[in-house]
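S.K.:
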Amino acid sequence: MSKKTKHMFYLSMLYSVFFSLFLMYGFLKIRDQGNIFNTNERLMAEQNNKEQEYHNLIQITESTKNDRDTLAGFFITEKDTISFISNIENLANDMGITLETSQLSIKPKTKKTEPQLYVGFNFSGSETAVRQLVLLFENIPYHKSIPELVLTRNADDGTWKGSILLYITITS
Amino acid sequence: MIGKKDIFRKTRQFFRHGHGIHVSKIIYPTRDWTVGLAVMVILLVIGAIVNINIFSHYSEDSTNQNNSARTEFLYKAALVEKAISLYKNKQELYEALSQKTKKLPLSAEILGSSSTNSTKMEGVTNEVGGVVVVPIAN
Chain B
5 MSKKTKHMFY LSMLYSVFFS LFLMYGFLKI RDQGNIFNTN ERLMAEQNNK EQEYHNLIQI
65 TESTKNDRDT LAGFFITEKD TISFISNIEN LANDMGITLE TSQLSIKPKT KKTEPQLYVG
125 FNFSGSETAV RQLVLLFENI PYHKSIPELV LTRNADDGTW KGSILLYITI TS
Chain R
74 MIGKKDIFRK TRQFFRHGHG IHVSKIIYPT RDWTVGLAVM VILLVIGAIV NINIFSHYSE
134 DSTNQNNSAR TEFLYKAALV EKAISLYKNK QELYEALSQK TKKLPLSAEI LGSSSTNSTK
194 MEGVTNEVGG VVVVPIAN
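Taken in order, these protein sequences are the chains called B and R.
Sequence positions in the first sequence follow the working numbering and run 5 to 176.
Sequence positions in the second sequence follow the working numbering and run 74 to 211.
1) I'd like to check one pair, K111 of chain B with L121 of chain B: are the Cβ atoms closer than 9 Å?
2) How many whole angstroms separate the CB atoms of I80 of chain B and I172 of chain B, which I take to be in contact at a CB cut-off of 8 Å?
3) So which residues of chain R does F78 of chain B contact, with C-beta pairs closer than 7 Å?
4) Note the first and the last residue of the continuous beta strand (DSSP E) segment covering N126 of chain B.
5) With 9 Å set as the bound, which would you pick, yes or no: does the beta-carbon of I127 of chain R sit closer than that to a beta-carbon of chain B?
6) With a threshold of 9 Å between beta-carbons, can Y148 of chain R be considered close to chain B, or not?
7) Give the interface partners of L170 of chain R over in chain B, defined as CB-CB distance under 7 Å, in chain order.
8) Is H147 of chain B buried or exposed, if buried means 16 or more other CB atoms sit within 10 Å of its CB?
9) Using a Cβ-Cβ cut-off of less than 7 Å, list which residues of the region 57 to 75 of chain B approach chain R; keep chain order.
10) Determine, using beta carbons only, whether V123 of chain R comes closer than 9 Å to chain B.
11) What is the residue span of the beta strand (DSSP E) that Y171 of chain B lies within?
12) Could one say the Cβ of I34 of chain B lies closer than 9 Å to chain R's Cβ atoms, at least one of them?
13) With M99 of chain B and A133 of chain B assumed to form a contact (beta carbons below 8 Å), what rounded beta-carbon distance in angstroms separates them?
14) Taking the alpha-carbon positions, what's the K8 of chain B to Y14 of chain B distance?
15) Measuring only between beta-carbons, confirm whether G38 of chain B sits less than 9 Å from chain R.
16) Start and end of the alpha helix (DSSP H) containing E55 of chain B?
17) Suppose contacts are defined by Cβ-Cβ distances below 9 Å. Is F78 of chain B in contact with Q164 of chain R by that definition?
18) In chain A, what lies closer than 8 Å to A156 of chain R by C-beta?
19) Looking at the structure shown, is P145 of chain B part of a helix, part of a strand, or coil, going by DSSP?
20) Got a sec, what are the start and stop residues for the beta strand (DSSP E) I110 of chain B sits in?
21) On the DSSP bridge assignment, give the partners of E152 of chain B in chain order.
22) So what's I75 of chain R in DSSP terms, helix, strand or just coil?
23) So, are the CB atoms of Y167 of chain R and N60 of chain B less than 9 Å apart?
24) Do I86 of chain B and V103 of chain B count as a contact pair if the criterion is CB distance below 9 Å?
25) To the nearest angstrom, how far is the alpha carbon of S74 of chain R from that of R82 of chain R?
26) Can you check whether the C-beta of L166 of chain R is within less than 9 Å of a C-beta belonging to chain B?
27) DSSP on I92 of chain B, reduced to helix/strand/coil?
28) Spell out whether any CB of chain R is found under 9 Å from the CB atom of Y41 of chain B.
29) Hey, does H147 of chain B have any beta-carbon neighbour from chain R nearer than 9 Å?
30) Where K193 of chain R and L170 of chain B are concerned, what is the direct C-alpha to C-alpha distance, given to the nearest angstrom?
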């Protein structure tokens with residue numbers, strides 16, 4: 005090969021290398037842009053989904069407002085506890101039952117349970133009145149449990165004595 | 074002076090011409106064009122394949138984006154209605170008890186049974202003179 009031919013050969017090789025590098029750069033650039041496109045599209049899809057979920061949640065919240073208000077009424081609040089106990093005492097008095105509050109405390113909120121009002125009553129009266137009172141306790145329209153109910157009958161005069169413990173869930 | 078060596082050298086040069094003239098042509102346009110076009114076609118085909126792959130890859134991705142995970146909020150309406158119904162019944166009964174039974178015996182409908190036999194109290198066993206402890210749920 006002549007010197008000129010070698011020169012042209014080297015120039016051609018150099019051109020080929022540069023052109024290949026340019027093509028490789030373009031290919032990598034397209035791939036990077038594609039990855040960015042994928043990432044952005046995924047983020048947009050997630051954002052759209054969150055937006056849709058937000059609207060759905062708002063719709064559910066608005067459509068269930070009445071139900072939630074109704075349900076909220078079935079939980080006693082801390083400020084209503086005294087009036088609730090007074091009401092029970094007045095009702096028992098109206099029924100002709102002697103009633104006294106034996107226990108009153110608030111169990112603070114834990115990780116598993118909401119705060120609860122622990123309230124206990126001792127009562128005595130006629131059998132019918134005691135049955136009414138127990139029925140009344142059983143149907144207190146608050147979220148509650150009755151862990152303990154003790155009833156004793158006095159054989160001498162036929163009257164009934166009892167004690168009851170109520171765990172009533174409190175909302176703030 | 075021309076010697077014997079010079080005569081032999083001239084003779085060799087003369088006879089070498091008998092092998093023919095050296096061909097100095099190193100370019101073959103037809104062959105080179107053919108090779109160049111073939112390389113170009115191969116590059117075009119490779120480029121087309123790469124581009125089709127890239128296009129199909131991103132077009133599939135763009136169509137699959139809508140299938141990303143979506144969190145559904147479950148609102149248990151039936152459970153809420155059941156709870157409301159249950160507590161409304163309790164509320165009505167509680168109000169009925171508190172209004173209608175003041176110093177008055179309960180009606181048979183409210184008590185469920187007007188029998189004086191206290192063994193019919195739900196969950197409570199009547200034992201004369203005894204002590205009964207009965208847990209009642211809710």
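Cβ coordinates follow ideal geometry from the N, Cα and C atoms, glycine included.
M.R.: In brief:
1) Sequence index remark: in the first sequence, residue 121 of chain B carries index 117 (1-based). Sequence index remark: in the first sequence, residue 111 of chain B carries index 107 (1-based). Here L121 of chain B is near K111 of chain B, since their CB atoms are less than 9 Å apart.
2) Residue numbering aside, residue 80 of chain B sits at position 76 when the first sequence is read from its first letter. Residue numbering aside, residue 172 of chain B sits at position 168 when the first sequence is read from its first letter. Yes, they are in contact, since the Cβ atoms of I80 of chain B and I172 of chain B sit about 5 Å apart, within 8 Å.
3) One-based indexing of the first sequence puts residue 78 of chain B at position 74. Correct list: Y160.
4) For the purposes of this step, residue 126 of chain B is identified with residue 122 of the first sequence, where counting begins at 1. For N126 of chain B, the enclosing beta strand (DSSP E) starts and ends at Q120 to G129.
5) Here residue 127 of chain R refers to the residue found at position 54 when the second sequence is read from its first residue. Interface residue, yes.
6) Taking the second sequence and counting its residues from 1, the one referred to as residue 148 of chain R is at position 75. So, interface residue.
7) For this step, residue 170 of chain R is matched to residue 97 along the second sequence. Neighbours of L170 of chain R on chain B, chain order: Q136, L139, L140 and N143.
8) Within the first sequence, numbered from 1, the residue matching residue 147 of chain B stands at position 143. Around the C-beta of H147 of chain B, 16 or more other C-beta atoms lie within 10 Å, and the residue is accordingly described as buried.
9) Flagged, chain order: E57, N60, L61, I64, T68, D71, T74 and L75.
10) As a working mapping, residue 123 of chain R is identified with position 50 in the second sequence. Among the CB atoms of chain B, one or more fall inside 9 Å of the CB of V123 of chain R.
11) Walking along the first sequence from the start, residue 171 of chain B turns up at place 167. Unbroken beta strand (DSSP E) run through Y171 of chain B: W164 to T175.
12) Reading the first sequence from its first residue, position 30 is the one you call residue 34 of chain B. At least one chain R Cβ lies under 9 Å of I34 of chain B.
13) To locate residue 99 of chain B, count along the first sequence from 1; it is residue 95. To locate residue 133 of chain B, count along the first sequence from 1; it is residue 129. A Cβ-Cβ separation of about 5 Å places M99 of chain B in contact with A133 of chain B under the 8 Å criterion.
14) Counting from one through the first sequence, the residue named residue 8 of chain B turns up at place 4. Counting from one through the first sequence, the residue named residue 14 of chain B turns up at place 10. Near 10 Å, if we compare the C-alpha coordinates of Y14 of chain B and K8 of chain B.
15) Residue 38 of chain B sits at position 34 when you count from the first residue of the first sequence. Yes, its Cβ sits closer than 9 Å to a Cβ of chain R.
16) Translated into the one-based positions of the first sequence, residue 55 of chain B becomes position 51. That run of the alpha helix (DSSP H) goes K7 to S67.
17) Within the first sequence, numbered from 1, the residue matching residue 78 of chain B stands at position 74. Within the second sequence, numbered from 1, the residue matching residue 164 of chain R stands at position 91. Contact flag set, yes.
18) Absent from the structure: chain A. Protein chains present are B and R.
19) If you number the first sequence from 1, residue 145 of chain B lands on position 141. Assigned with DSSP and collapsed to three states, P145 of chain B falls in coil, not helix or strand.
20) Within the first sequence, numbered from 1, the residue matching residue 110 of chain B stands at position 106. Unbroken beta strand (DSSP E) run through I110 of chain B: T102 to K111.
21) Along the first sequence, read from residue 1 onward, the residue named residue 152 of chain B stands at position 148. Note: E152 of chain B sits in a beta bridge opposite B:L169.
22) Against the second sequence, residue 75 of chain R aligns to sequence position 2. In this structure, I75 of chain R counts as coil in the three-state DSSP scheme.
23) Position 94 of the second sequence, counted from the first residue, corresponds to residue 167 of chain R. Position 56 of the first sequence, counted from the first residue, corresponds to residue 60 of chain B. At a Cβ-Cβ threshold of 9 Å, Y167 of chain R and N60 of chain B do not count as neighbours.
24) Locating residue 103 of chain B in the first sequence gives position 99, where the first residue counts as 1. Locating residue 86 of chain B in the first sequence gives position 82, where the first residue counts as 1. Checking the displayed sequence, the identity of residue 103 of chain B turns out to be Leu instead of Val. Result no, Cβ atoms of L103 of chain B and I86 of chain B do not sit closer than 9 Å.
25) In the second sequence, residue 74 of chain R corresponds to position 1, counting from 1. In the second sequence, residue 82 of chain R corresponds to position 9, counting from 1. With the sequence shown as reference, residue 74 of chain R is identified as Met, and Ser is not the correct amino acid for it. Annotation: M74 of chain R to R82 of chain R spans about 14 Å, alpha carbon to alpha carbon.
26) Counting from 1 along the second sequence, the entry for residue 166 of chain R is found at position 93. At least one C-beta of chain B is nearer than 9 Å to the C-beta of L166 of chain R.
27) On the first sequence, position 88 is the one that residue 92 of chain B refers to. I92 of chain B falls in the helix class under three-state DSSP.
28) Within the first sequence, the letter at position 37 stands for residue 41 of chain B. It is Phe, not Tyr, that sits at residue 41 of chain B in the sequence shown. Chain R, which has a Cβ nearer than 9 Å to the Cβ of F41 of chain B, makes this yes.
29) For the purposes of this step, residue 147 of chain B is identified with residue 143 of the first sequence, where counting begins at 1. Yes, H147 of chain B counts as interfacial toward chain R.
30) One-based indexing of the second sequence puts residue 193 of chain R at position 120. One-based indexing of the first sequence puts residue 170 of chain B at position 166. Reliability fails at K193 of chain R, whose pLDDT of 37 lies under 50, so the model's placement of it is uncertain and no value is given.
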